[in-house]
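Chains F and Y, in that order, give the protein sequences.
Residue numbering for the first sequence follows my numbering, beginning at 69 and increasing consecutively.
Residue numbering for the second sequence follows my numbering, beginning at 69 and increasing consecutively.
Backbone N, C-alpha and C define an ideal beta-carbon position, used for all residues, glycine too.
What follows is a single structure, written as structure tokens, with notes after it.
There are 2 protein chains.
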Amino acid sequence: MDDLHATAAQRLGAADLRYTTSRRRVVTVLADAERPLTIPEILAADPGLAQSSTYRNLAELIGARVVHRIVSGEEFSHYELAEDLTAHHHHLVCTRCGRVEDFTPSERLEADLHHSLAQVADAAGFEVELHRLDLVGTCAGCR
Amino acid sequence: MDDLHATAAQRLGAADLRYTTSRRRVVTVLADAERPLTIPEILAADPGLAQSSTYRNLAELIGARVVHRIVSGEEFSHYELAEDLTAHHHHLVCTRCGRVEDFTPSERLEADLHHSLAQVADAAGFEVELHRLDLVGTCAGCR
DNA sequence: GTGGAAACGAGAATCGTTCCTGTTTACTCT
DNA sequence: AGAGTAAACAGGAACGATTCTCGTTTCCAC
């Protein structure tokens, strides 16, 4: 997890940005959570953080590919560490409470996906950056 | 396509809503487009539509499961007919221009997906409503 | 140390979307 | 047909998550 901060610092540095204390704190909050968090959740997890700075820092962390933003559609966006800092995974989005959880599909499905999607993209002349696979429904707590 | 309007009318009726002229016009615009449209695009396609009414009607059409909303994250949301009124498909989202295109994966991938996702959902106690699979990247026109 | 650029943070501004409200439309029941 | 009633309409005001502004503070290089 020391590793994580080293990587974050390096990626920010590559974009001529500093890995300041408040940016490190945002990254720490996201690393400690085991699911994507909203801005209010991030601020609640570390009350020392200022809202405006956190929005700005998240934007810069996203630009440096340290953080990823998930726009679920309802209310707040969710933020999590970039996939290559954790593990490739997808999301279970609850339409009742808005909560977002992570899940990892089987290796086999993931490999098939990659293969099939590459074909589709080629055919459309589309250059794939990433793929998103979300399950939308009702979580265990809301059923 | 007459069929489409009949289904729309029926679904609205089930929710005690009327299939009025302006709602029919919104549905017609979406049916004529071969990709998800934004509000400005819908209004441009039929200048007789009022913005506020269109937002409200889209919300009601969504509630009646006639229309589906895609929140891409940047600027406007995109709207399209519900999948069971067209065909099951997914999206190519361009990060440069914000355009959203449809694509249909192979039957086989789709079947595998269904199977694997059902397992994941069961394990998490999650009740799946639908799955979303998006390819995010750069479209042919922006490369 | 000192200069200058980057980052901070409180509040203002932005803008897609939703809400309010008076008017119009369209079914239903005589 | 005509009145009564509820839904739908449409213009504009309001909302709220996010972004911007700008004066202050921090940090790094020389």
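Asked: DSSP bridge partner residues for Y/G205 (one or two, in chain order); Found: F/V196, Y/C162
Asked: Distance between beta carbons of Y/D114 and Y/V97, contact taken as under 8 Å; Found: 5 Å
Asked: Y/H199: contacting residues in chain F (beta-carbon distance under 8 Å); Found: L201, D202, L203, V204
Asked: Chain-ordered chain F contacts of Y/V168 [CB-CB under 9 Å]; Found: Those within 9 Å of Y/V168 in chain F number zero; the least Cβ separation is about 12 Å.
Asked: Cβ neighbour criterion (16 or more within 10 Å) applied to Y/R164; Found: exposed
Asked: Amino acids of chain F, ordered along the chain, whose beta-carbon sits closer than 8 Å to that of Y/S120; Found: Correct list: empty, because the minimum Cβ distance to chain F is about 20 Å.
Asked: Inter-residue spacing [alpha-carbon to alpha-carbon] between F/L149 and F/E128; Found: 13 Å
Asked: Paired residues, beta bridge with Y/L105 - DSSP; Found: Y/Y147
Asked: Opposing strand residues paired with F/E169 [DSSP bridges]; Found: F/L160
Asked: Sufficient close CB pairs (3 or more, under 8 Å) joining the segment 81-88 of chain Y to the segment 169-184 of chain F; Found: no
Asked: Neighbour flag for Y/P173 against chain F, beta carbons, 8 Å; Found: yes
Asked: N-terminal and C-terminal residue of the alpha helix (DSSP H) that Y/V97 is part of; Found: 89-100
Asked: Which of helix, strand or coil DSSP assigns to Y/V139; Found: coil
Asked: At least 3 beta-carbon pairs within less than 8 Å: the segment 159-176 of chain F vs the segment 92-110 of chain F; Found: yes
Asked: Per-residue contacts from F/C207 into chain Y (C-beta, under 9 Å); Found: A192, G193, F194, E195
Asked: Alpha carbon of F/Q135 to alpha carbon of Y/L177, nearest angstrom; Found: Looking at the sequence itself, residue 135 of chain F is Val, so the reference to Gln does not match. Distance between the alpha carbons of F/V135 and Y/L177: 29 Å.
Asked: C-beta atoms of F/H158 and F/D202 nearer than 8 Å; Found: yes
Asked: First through last residue of the alpha helix (DSSP H) which encompasses Y/T154; Found: It is not in any alpha helix (DSSP H) - Y/T154 carries neither H nor E in the DSSP assignment.
Asked: Coil, strand or helix - Y/G116 by DSSP; Found: coil
Asked: DSSP three-state assignment for F/D71, whether helix, strand or coil; Found: helix
Asked: Option nearest Y/R124 by Cα separation, candidates Y/A189, Y/D190, Y/Y147, Y/T75; Found: Y/Y147
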